[in-house]
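Chains as they are written, first to last, in the numbering used here: chain A, 1 to 119; chain B, 120 to 414.
Beta carbons are placed, not taken as given, at the ideal position from N, Cα and C, and that holds for glycine.
These numbers were taken from a predicted model, which means no experiment stands behind them.
For reference, the structure discussed in these notes is given below.
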Amino acid sequence: MKLAEYERRMAAAMRARDPVAAVRAIHPGADADGVRMTALLVARLRFERLMRGSPEAEASFDRDPAAFARDFRRYHAAVPPRAFFPVDEAALFRAWRDQEAAPPPARSRIVAPRRSRRR
Amino acid sequence: MIPVGFTLQPDPQFLDLCGGIIRDADYWEVAPETLWRMRPDGRLEDNGYHKRFCAMTRGRRFFVAHGVGLSLGSGAAVDARRRRAWLARVAEDHATFGFRWYTDHLGASAVDGMAMTLPLPLPMTAEAARVVRRRLTQMQRVVGHVGVENNVAYFVVGDPLDEPRFLMDCVRARGCHLLLDLHNVYTMATNHGFDPAEYLRRLDLTKVIEIHISGGSESDPRWLPTGRVLRLDGHDGAVPELVWRMLEAVAPRCPNLRGVTLERMEGTVEEADVPLLAAEMQRLRATVQRRRRRA
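Put into C-alpha cells, the structure is as follows:
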C-alpha cells in the first residue's frame, strides 16, 4: 500500500467507531489495546487543544464534565481535526456547537409534513 | 563537557515553579510551534511566549528546537502547503533563537491533512524512509543539523525491534542525527515486551546527537475494555531507575553526543514535584560528567 493511502486510512481509523477493525483492515496483526489507546490519546490531545483555546469550553467542562465529554465525543466523530492550534480548534468547536443548536433547516420542516401523513 | 538541557514549556505555572531548574540548565529545548498562533490569513505569528523566551537568548545558554507538528512521515500532498509555512516559520525562529539543531519525532502527526498531534506509527518501508529523509533535507535548509527522535507507538506496524534499522535508514545522510529518547525505548519495551538493551544494540550510536530522559505513568485500567495497563510516555513523572541505568550505559558509547535533556510536560508540575525535578537535573549532570571521566 502506498504511504498516501496508508495515511488516509489511518486518519479515518483514528476517528472510526471501531478503530481496531479499521486499523486491522490495513494491518491484520495490529494490537487491539495499542490501537484503542492510540485513538484515545488522539482524542485526548484534541480535547486538551480545545481546552487551551476555548475558555468557554473549559467553563462548560468544569460545570458538567460528563455532559461535556459526551458533546466532545460527538464533535470529535463529526468534525475532522483540521485545526493545528488551540484557537482554531476552539473556532471549529464553536461552529459545530452553533450548528447543533440551530433549528433544523427549513427544507426539513417542509419535508416532514404532519398533514400529509394524516392524509 | 556534555551540556544538560531542560524543556521550556509555554505555561506560566511551569515556568514559575521550574525557574531554578531552568536557570540551572546549559541549554533549553523548545517546540517551535508552541510559540506560534495562526492569523486569520493563515500566516503563523508569535504568541506571547515567543517574546518571553526570546528575552532568554541573551546569555551563555543556547536553544534547540524539538517539534512534534511538522510530521516527518507525512507524504500527503494535501499537507504540503502547511509544511512549507511551518518550515518558513521555523526559519524565522532560527534567526531569533539560533537553534543548534532541530529535531522532530518519527511518525506522522499530521495525517491526510489532519492534526493528530500524536505521531502515528509508520510502516517501516523504503518509501516511508524516503519520505522522512526528504523531510529532513527540507529541515536542513533551515537548520544545518537535524534529527529524528525514536517515538513511542502503542501499536507497531511490523516488528518493534526492526525500528532501529528503519531509524538508521532515515538518518543516514550527513548532518542528520538520531535523538535517542530513552524513556521512549523503555516504554516501547514495556508495552511490546522486548529487551531495551537489544533495541539499543541495534542502533548506530555514532549518529546520536542528543539523548532525552523523562518519566511517564501507567494508563488507567478502566480505559481499555481488556483492563490492560500500558506504560504512557506522558513526561509527567519521575525518571524510572531503568532509564537512568540505560543512560549510564549508553551515553559513554555516543561519541557525537551534544546534549542530554530532561523533559517534563506542562501541567504536570506542582510545587511538591520541584525538589524531585531539581534532584533529577543534578543526577543528570553527575551522570554526564561521569561519562566524560570514563571517556
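Residue i classed as buried or exposed, judged by whether at least 16 other C-beta atoms fall within 10 angstroms
i	result
B/M120	exposed
B/A308	buried
B/N310	buried
B/Q128	buried
A/E56	exposed
A/P65	exposed
B/P340	exposed
B/D323	exposed
B/D278	exposed
Contact under 8 Å by Cβ, residue i with residue j
i	j	result
A/V42	A/V23	no
B/E385	B/D130	yes
B/A247	B/D198	no
B/D231	A/A11	yes
B/Y221	B/V267	no
B/L241	B/G226	yes
A/R63	A/P86	no
B/G192	B/E152	no
A/P81	B/M233	yes
B/A362	B/H302	Looking at the sequence itself, residue 362 of chain B is Val, so the reference to Ala does not match. Cβ distance < 8 Å, so B/V362 and B/H302 count as in contact.
B/P122	B/G294	no
B/V304	B/C373	no
B/M157	A/D88	yes
B/F274	A/T38	yes
B/R321	B/P283	yes
B/G188	A/F84	yes
B/D143	B/L154	no
B/N269	B/D223	no
B/L163	B/R208	yes
A/R53	A/A95	Position check: residue 53 of chain A holds Gly in this sequence, whereas Arg was assumed. Against a cut-off of 8 Å, the Cβ pair of A/A95 and A/G53 comes out as no contact.
Best match in the options for proximity to residue i [C-alpha to C-alpha]
i	options	result
B/V407	B/M365, B/E389 and B/G386	B/M365
B/A368	B/G312, B/I330 and B/Q401	B/I330
B/A398	B/R409, B/V358, B/C373 and B/R372	B/V358
B/L381	B/G335, B/R409, B/P371 and B/W342	B/G335
B/E360	B/I332, B/M157 and B/D135	B/I332
A/R70	A/D33, A/R97 and A/F84	A/R97
B/R383	B/H354, B/P315 and B/L319	B/H354
B/S338	B/T325, B/G356 and B/D323	B/G356
Residue i to residue j span [Cα, whole Å]
i	j	result
A/Y6	A/A25	11 Å
A/I110	A/H27	Below a pLDDT of 50, predicted positions are generally treated as unreliable, and A/I110, at 46, falls in that range; the measurement from the model is reported next regardless. Approximately 47 Å between the Cα atoms of the pair.
B/P344	A/A30	16 Å
B/T244	A/K2	10 Å
B/T306	B/V271	7 Å
B/L280	A/E100	47 Å
B/L239	B/R171	32 Å
A/R46	A/E58	13 Å
A/R117	A/P103	Residue placement at A/R117 cannot be trusted, given a pLDDT of 40 that sits under 50; what the coordinates show is reported in the next sentence. Straight-line Cα distance between these residues: approximately 22 Å.
B/L297	B/V276	20 Å
B/R416	B/R402	Residue 416 of chain B lies beyond the range of chain B shown here (120 to 414); nothing can be said about it.
B/W342	B/L237	18 Å
A/A4	B/R177	44 Å
B/S190	B/A204	13 Å
B/P159	A/F61	27 Å
A/R8	B/R404	44 Å
B/R291	B/N375	15 Å
B/P315	B/H264	27 Å
B/M400	B/D145	11 Å
B/Q132	B/G161	30 Å
B/H169	B/Q257	23 Å
A/A32	B/E211	42 Å
A/V79	A/L92	8 Å
B/E148	B/Q259	18 Å
A/M51	B/C173	26 Å
A/R73	A/A21	19 Å
B/R202	B/T325	29 Å
A/L40	A/Y75	14 Å
B/G167	B/F313	43 Å
B/A150	B/R249	24 Å
Any non-hydrogen atom of the ligand SAM within 7 Å of residue i CB
i	result
B/L396	Of ligands this structure carries none, so the ligand SAM is not represented either.
Any C-beta of chain E under 8 Å from that of residue i
i	result
B/D231	Absent from the structure: chain E. Protein chains present are A and B.
Quiz item: Quick check: the region 253-267 of chain B against the region 8-17 of chain A, are there 3 or more CB pairs under 8 Å?
Solution: No: the two stretches stay apart, fewer than three of their Cβ pairs being nearer than 8 Å.
Quiz item: Is the region 390-407 of chain B in contact with the region 130-142 of chain B, if contact means three or more CB pairs nearer than 8 Å?
Solution: Counting Cβ pairs under 8 Å, three or more are found: they touch.
Quiz item: Counting Cβ pairs, one atom from each stretch, are 3 or more of them under 8 Å apart for the region 174-186 of chain B and the region 213-221 of chain B?
Solution: Counting Cβ pairs under 8 Å, three or more are found: they touch.
Quiz item: Touching or not, the region 333-349 of chain B and the region 285-296 of chain B, by the rule of three or more beta carbon pairs under 8 Å?
Solution: Not touching, per the Cβ criterion.
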